[in-house]
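S.K.:
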Amino acid sequence: MSKERVFEIIRKEEALLFLGAGMSLYAGYPSGANLAEILFGNLTKDVQDQIDFTNNLPKLADDIYNIKGGNKNYLIEILKKEFEKDPTTTLTHQLLAKIPQIKTIITTNYDTLLESTNKNLEIIRKSADCPIANPKRQWLFKIHGDLSDTSNMILTHSDYNNYFVKESERSIYWNTVKSRLVENHVIFVGYALEDNNVMVMIEKILNELGDNRKEMFFVAPSITSVKLKFLHLKGIEYIQSTGEELITEIFEDLKYNYIPGLSKGVGTADTALNFAIGNKISLDLSKSEDAYMINNVTSLDGVGKNEIKLKIEGEKEATNKLIDSLKGKDFEDVHLTGNILKEFSQFFNGIRIKSHENIDSLIIKKLPAISGLFDITFDDGFELSNYNLEIYVSRPNVLEGKVKIQADDFEILITIKFDPNADKTHYNFDIIPSNKINSTKNGINFYAILSRITCNQGFMIHQGSKLIFKHKRMIIFNKDSFDADFFIEYFTKLKKIEKYFNVRFTDIDLENASEKYLSYIMAYVDKIVLEEKFDGMTLKNENKEEFEYIINSEKNEKVLVISEGEKTTYNLHGLDFTIGYLHKYVLDGFVDNLEEINKGKTKIINLKSKSQKIYYQFTDSTTMITEQ
16 MSKERVFEII RKEEALLFLG AGMSLYAGYP SGANLAEILF GNLTKDVQDQ
66 IDFTNNLPKL ADDIYNIKGG NKNYLIEILK KEFEKDPTTT LTHQLLAKIP
116 QIKTIITTNY DTLLESTNKN LEIIRKSADC PIANPKRQWL FKIHGDLSDT
166 SNMILTHSDY NNYFVKESER SIYWNTVKSR LVENHVIFVG YALEDNNVMV
216 MIEKILNELG DNRKEMFFVA PSITSVKLKF LHLKGIEYIQ STGEELITEI
266 FEDLKYNYIP GLSKGVGTAD TALNFAIGNK ISLDLSKSED AYMINNVTSL
316 DGVGKNEIKL KIEGEKEATN KLIDSLKGKD FEDVHLTGNI LKEFSQFFNG
366 IRIKSHENID SLIIKKLPAI SGLFDITFDD GFELSNYNLE IYVSRPNVLE
416 GKVKIQADDF EILITIKFDP NADKTHYNFD IIPSNKINST KNGINFYAIL
466 SRITCNQGFM IHQGSKLIFK HKRMIIFNKD SFDADFFIEY FTKLKKIEKY
516 FNVRFTDIDL ENASEKYLSY IMAYVDKIVL EEKFDGMTLK NENKEEFEYI
566 INSEKNEKVL VISEGEKTTY NLHGLDFTIG YLHKYVLDGF VDNLEEINKG
616 KTKIINLKSK SQKIYYQFTD STTMITEQ
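Structural data, given as structure tokens:
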């Protein structure tokens with residue numbers, strides 16, 4: 016639980032790292048105890064005889080300092096020899112350099128591992144460094160100094176005892192350090208409580224901070240029960256881990272959680288951008304209230320790897336469908352509901368960019384195997400340039416393949432089955448128009464292609480100068496397959512209507528197409544008379560003069576004209592068209608029930624046509640203007 020808490024406060028940018036010598040051991044540099052052995056071992060025999068060896072480095076350094084007559088030259092010489100040599104590795108420090116969420120690092124180490132691996136550090140060694148340091152960068156306080164200024168190095172026991180004395184030169188420096196300690200949670204890494212000086216340092220820090228301090232954590236691979244009790248009494252959480260392990264785990268947690276946290280108001284834009292740069296990616300951020308949104312992610316080194324992590328539970332059917340899709344057995348969309356979707360995360364170059372929570376549903380779409388703009392050329396000379404195609408391929412099993420071609424508002428589904436017993440391949444084609452064809456041009460182009468294919472014409476498909484496909488008439492179609500010629504004519508008429516009425520069809524649903532309304536509107540546009548089959552009609556005796564005319568036995572064939580008193584309007588694919596007055600007429604009408612009428616048995620006329628034809632005409636006037 017303590018580790019999770021450490022991860023949380025680092026994500027919130029509220030952590031301070033306090034580093035000791037143990038953090039440099041992996042790089043080949045000595046611990047305090049090892050350094051004590053080195054200092055003692057390099058003394059001459061006569062000097063060694065005058066000093067009692069102790070692995071308490073400050074105490075030993077104090078003794079050496081005194082026996083050398085108050086001269087630190089020997090100590091400095093040995094330190095330079097040990098800490099100016101090349102490290103064996105710097106991997107952990109390189110990783111630490113990629114964690115800008117830690118704004119402050121305090122170290123008692125003399126080495127330069129931190130600054131050599133992180134060029135974005137502001138190094139604070141003395142009071143004069145504080146006011147000129149960039150507040151937006153990470154600050155490194157080298158509280159024991161380093162070899163760049165040996166006069167201020169803390170080496171001896173006396174140096175340690177005087178460290179917290181508020182001298183005028185060091186007051187600004189220590190007050191700044193103390194301010195950082197107060198403002199942040201403190202994580203001690205690389206210290207051993209077996210060293211009494213470390214315990215004294217922690218005691219003094221606690222005394223200086225008083226009740227103002229935030230949480231503290233002590234990281235070490237092992238600890239005695241006595242030392243553990245000491246930590247508990249001081250309110251310090253113990254975390255069993257090496258420094259190298261902890262830094263690695265912190266970095267992995269940040270990779271997974273930091274960027275998504277921006278959308279929840281956790282983290283800052285500057286830190287996020289620096290974190291991204293450290294991982295060779297660039298973020299495009301926008302602010303939304305107290306949070307930040309990720310608009311775009313790009314690679315800084317030209318290598319970008321996008322990944323999706325998806326976790327689902329339950330509903331075996333949905334799981335199997337997803338697996339089949341990923342294996343290329345299907346190219347249909349996969350719909351996942353929120354009740355089975357446990358995680359959906361997006362990664363870029365190993366960094367989690369987005370984490371989608373509380374998703375009602377998720378649609379996973381298969382990308383086409385081939386897509387883009389293509390040029391199609393047929394043997395009869397017909398060409399289409401820059402025709403948009405998407406081609407999807409799946410293999411349900413070894414004996415079956417499927418191809419889906421998306422062409423504008425149309426879908427062609429081809430099923431290919433191989434019969435090993437008959438050594439034959441069977442093809443099945445399905446044409447599926449969209450329920451909303453967006454233009455007459457799309458319809459004309461598609462059926463112009465389909466008509467030629469079903470007429471067994473050869474064709475080639477190019478993308479730029481590259482030949483993508485060449486059809487050699489391997490599949491023979493029935494000429495009337497898919498009614499391609501009918502639909503060419505249908506869309507051509509729609510195009511003519513668009514031009515005449517200055518409109519545009521954008522919602523063409525072929526399932527609800529009305530051939531009758533189309534023919535009526537075209538009759539008005541082309542100024543022609545329509546002929547339809549006439550099965551007869553009944554007329555009531557409402558006008559005596561007309562009634563007498565119709566039943567007059569001297570006229571074998573009668574002309575009957577019926578004109579509507581209002582203009583006619585038809586709706587075609589969502590658009591209303593007013594096409595004038597409708598005139599219906601019969602040229603060779605006769606009364607089928609004349610005998611019953613003459614006997615007075617009925618006043619209803621059954622009118623029929625000898626040719627069984629009736630004519631329709633639409634005009635802008637109330638009278639007919641065209642004769643049949």
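Sequential numbering from 16 applies to the sequence shown in the numbering used here. The C-beta atom is built at its ideal place from N, Cα and C for all residues, glycine as well.
Would you mind working out which of R519, K555, F362, I594 sits nearest Y539, comparing C-alpha positions?
M.R.: Translated into positions along the sequence shown, residue 539 becomes position 524. Nearest option by C-alpha distance: I594.
S.K.: Note down the Cα distance separating I309 from K295, rounded to an integer number of angstroms.
M.R.: For the purposes of this step, residue 309 is taken as the residue at position 294 of the sequence shown. For the purposes of this step, residue 295 is taken as the residue at position 280 of the sequence shown. Cα to Cα, the separation comes out at about 16 angstroms.
S.K.: Would L54 and I114 qualify as a contact pair, given that the criterion is a beta-carbon distance under 8 angstroms?
M.R.: Stepping through the sequence shown from its first residue, residue 54 is reached at position 39. Stepping through the sequence shown from its first residue, residue 114 is reached at position 99. Their beta carbons are not under 8 angstroms apart, which means L54 does not touch I114 by this criterion.
S.K.: Taking F501 as the reference, give the member of I447, Q478, H486, I459 with the closest Cα.
M.R.: Counting from one through the sequence shown, the residue named residue 501 turns up at place 486. The residue with the shortest Cα to Cα distance from F501 is I459.
S.K.: Does the Cβ-Cβ distance between Y585 and I536 come in under 8 angstroms?
M.R.: The residue labelled residue 585 in the question sits at position 570 within the sequence shown. The residue labelled residue 536 in the question sits at position 521 within the sequence shown. Yes; because the gap between Cβ atoms is below 8 angstroms, this pair is in contact.
S.K.: Specify the secondary structure class of Q63 as computed by DSSP and reduced to three states.
M.R.: Start at 1 with the first residue of the sequence shown, and residue 63 comes out as number 48. Note: Q63 maps to helix in three-state DSSP.
S.K.: My output table needs one value for S624: the three-state DSSP class, helix, strand or coil.
M.R.: For the purposes of this step, residue 624 is identified with residue 609 of the sequence shown, where counting begins at 1. Strand.
S.K.: Restricting to runs no shorter than 3 residues, where is the beta strand (DSSP E) found entirely within the region 397 to 442?
M.R.: Counting only runs of 3 or more, we get 398 to 412, 415 to 422, 425 to 434.
S.K.: Could you round the C-beta distance between L221 and K249 to whole angstroms and report it? I think they count as a contact, below 8 angstroms.
M.R.: The residue you call residue 221 lines up with position 206 of the sequence shown. The residue you call residue 249 lines up with position 234 of the sequence shown. Sure, about 6 angstroms apart at Cβ, within 8 angstroms.
S.K.: Can you name, in chain order, every residue of its own chain whose Cβ lies under 6 angstroms from the Cβ of E572, other than the five neighbours on each side?
M.R.: Reading the sequence shown from its first residue, position 557 is the one you call residue 572. So the qualifying residues of the chain are D603.
S.K.: For R367, which of helix, strand or coil comes out of DSSP?
M.R.: Mapped onto the sequence shown, residue 367 falls at position 352. If DSSP states are grouped into helix, strand and coil, R367 belongs with the strands.
S.K.: Hey, how far is the Cα of Q153 from the Cα of I138?
M.R.: Counting from 1 along the sequence shown, the entry for residue 153 is found at position 138. Counting from 1 along the sequence shown, the entry for residue 138 is found at position 123. The straight-line gap from Cα to Cα measures roughly 9 angstroms.
S.K.: Who are L388's beta bridge partners in DSSP?
M.R.: The residue you call residue 388 lines up with position 373 of the sequence shown. Beta-bridge pairing links L388 to N403.
S.K.: Identify which residue in T313, N133, F562, S534 has its Cα closest to the Cα of L630.
M.R.: Position 615 of the sequence shown, counting from 1, holds the residue named residue 630. Going by the sequence as given, residue 630 is Tyr instead of Leu. Comparing Cα-Cα distances from Y630 to each of T313, N133, F562, S534, the minimum goes to S534.
S.K.: Quick one: is G205 buried, meaning 16 or more other Cβ sit within 10 Å of its Cβ, or exposed?
M.R.: Translated into positions along the sequence shown, residue 205 becomes position 190. With 16 or more Cβ atoms within 10 Å of its Cβ, G205 is classed as buried.
S.K.: Near Y271, what residues of its chain come up, given a Cβ to Cβ distance below 7 angstroms and the 5 sequence neighbours on each side ignored?
M.R.: Along the sequence shown, read from residue 1 onward, the residue named residue 271 stands at position 256. For Y271, where only same-chain residues beyond five positions count, the Cβ hits under 7 angstroms are R367.
S.K.: Count the other C-beta atoms from every protein chain shown that fall within 10 angstroms of the C-beta of Q63, then say buried if there are 16 or more, exposed otherwise.
M.R.: Position 48 of the sequence shown holds residue 63. With fewer than 16 other Cβ atoms within 10 Å, it is exposed.
S.K.: In angstroms with no decimal places, state the Cα-to-Cα distance between L50 and Q361.
M.R.: On the sequence shown, residue 50 is found 35 positions in, with the first residue counted as 1. On the sequence shown, residue 361 is found 346 positions in, with the first residue counted as 1. Rounded to whole angstroms, L50 to Q361 spans 48 angstroms at the Cα level.
S.K.: Is the beta carbon of I379 within less than 7 angstroms of some heavy atom of the ligand NAP?
M.R.: In the structure on display, the ligand NAP does not appear, and there are no ligands present to speak of.
S.K.: Is the Cβ-Cβ distance between N124 and L34 less than 8 angstroms?
M.R.: Taking the first residue of the sequence shown as position 1, residue 124 is located at position 109. Taking the first residue of the sequence shown as position 1, residue 34 is located at position 19. In contact: N124 and L34 (Cβ atoms closer than 8 angstroms).
S.K.: Roughly how many angstroms lie between the CA atoms of H441 and D434, to the nearest whole one?
M.R.: Start at 1 with the first residue of the sequence shown, and residue 441 comes out as number 426. Start at 1 with the first residue of the sequence shown, and residue 434 comes out as number 419. Each residue's alpha carbon lies about 8 angstroms from the other.
S.K.: Excluding five sequence neighbours on each side, which residues of the same chain lie with their C-beta closer than 6 angstroms to the C-beta of V192?
M.R.: As a first step, residue 192 must be located in the sequence shown, where it is residue number 177. So the list reads F156, once near-sequence residues are dropped.
S.K.: Ignore the nearest five residues each way along the sequence and tell me which others in V215's own chain have a CB closer than 8 angstroms to its CB.
M.R.: On the sequence shown, position 200 is the one that residue 215 refers to. Y175, listed in sequence order.
S.K.: Suppose contacts are defined by Cβ-Cβ distances below 8 angstroms. Is L261 in contact with V234 by that definition?
M.R.: The sequence position of residue 261 within the sequence shown is 246, counting from 1. The sequence position of residue 234 within the sequence shown is 219, counting from 1. Going by C-beta atoms, L261 is nearer than 8 angstroms to V234.
S.K.: For the beta strand (DSSP E) containing M308, name the first residue and the last one.
M.R.: Indexing the sequence shown from 1 puts residue 308 at position 293. 306 to 314 is the extent of the beta strand (DSSP E) around M308.
S.K.: Roughly how many whole angstroms lie between the Cα atoms of I25 and T171?
M.R.: As a working mapping, residue 25 is identified with position 10 in the sequence shown. As a working mapping, residue 171 is identified with position 156 in the sequence shown. Going from the Cα of I25 to the Cα of T171 covers about 34 angstroms.
S.K.: How about T122 and L129: are their beta carbons less than 8 angstroms apart?
M.R.: Here residue 122 corresponds to residue number 107 of the sequence shown, with the count starting at 1. Here residue 129 corresponds to residue number 114 of the sequence shown, with the count starting at 1. Yes, they are a contact pair.
S.K.: Touch check for the region 438 to 454 and the region 508 to 526: three-plus C-beta pairs under 8 angstroms?
M.R.: Judged by Cβ distances under 8 angstroms, the region 438 to 454 makes contact with the region 508 to 526, as three or more pairs qualify.
S.K.: At the level of alpha carbons, what is the spacing between Q627 and M639?
M.R.: Taking the sequence shown and counting its residues from 1, one reaches residue 627 at position 612. Taking the sequence shown and counting its residues from 1, one reaches residue 639 at position 624. Approximately 21 angstroms between the Cα atoms of the pair.
S.K.: Quick one: complete beta strand (DSSP E) runs, 3+ long, within the region 209 to 248?
M.R.: Whole beta strand (DSSP E) segments, 3+ residues: 231 to 235.
S.K.: According to DSSP, simplified to helix, strand and coil, what is S183?
M.R.: Residue mapping note: residue 183 aligns to position 168 of the sequence shown, counting from 1. Its pLDDT being 45, under 50, S183 is placed unreliably in this model, and the value from its coordinates should be taken loosely. The answer is coil: DSSP assigns S183 none of H, G, I, E or B.
S.K.: Helix, strand or coil: how does DSSP classify I79 here?
M.R.: Here residue 79 refers to the residue found at position 64 of the sequence shown. If DSSP states are grouped into helix, strand and coil, I79 belongs with the helices.
S.K.: Three or more C-beta pairs under 8 angstroms: does that hold for the region 365 to 385 against the region 339 to 353?
M.R.: Taking 8 angstroms as the limit for Cβ pairs, the verdict is that the region 339 to 353 does touch the region 365 to 385.
S.K.: My understanding is that V21 touches F232, with C-beta atoms under 8 angstroms, so please give their C-beta distance in whole angstroms.
M.R.: Your numbering for residue 21 matches position 6 in the sequence shown. Your numbering for residue 232 matches position 217 in the sequence shown. Their Cβ separation, rounded to whole angstroms, is 6 angstroms, which keeps V21 and F232 in contact under 8 angstroms.
S.K.: Output needed for I327: all residues of its chain with C-beta closer than 8 angstroms, excluding positions within five of it in sequence on either side, in chain order.
M.R.: By 1-based counting over the sequence shown, the position of residue 327 is 312. Contacts found: A333, T334, L337, L351, I355, L356, K357.
S.K.: Closer than 7 angstroms by C-beta to Q65: which residues in its own chain qualify, once you throw out the five before and the five after it? Chain order, please.
M.R.: Working through the sequence shown from its first residue, we reach residue 65 at position 50. If we look at Q65 and ignore the five residues flanking it on each side, its Cβ neighbours are I82.
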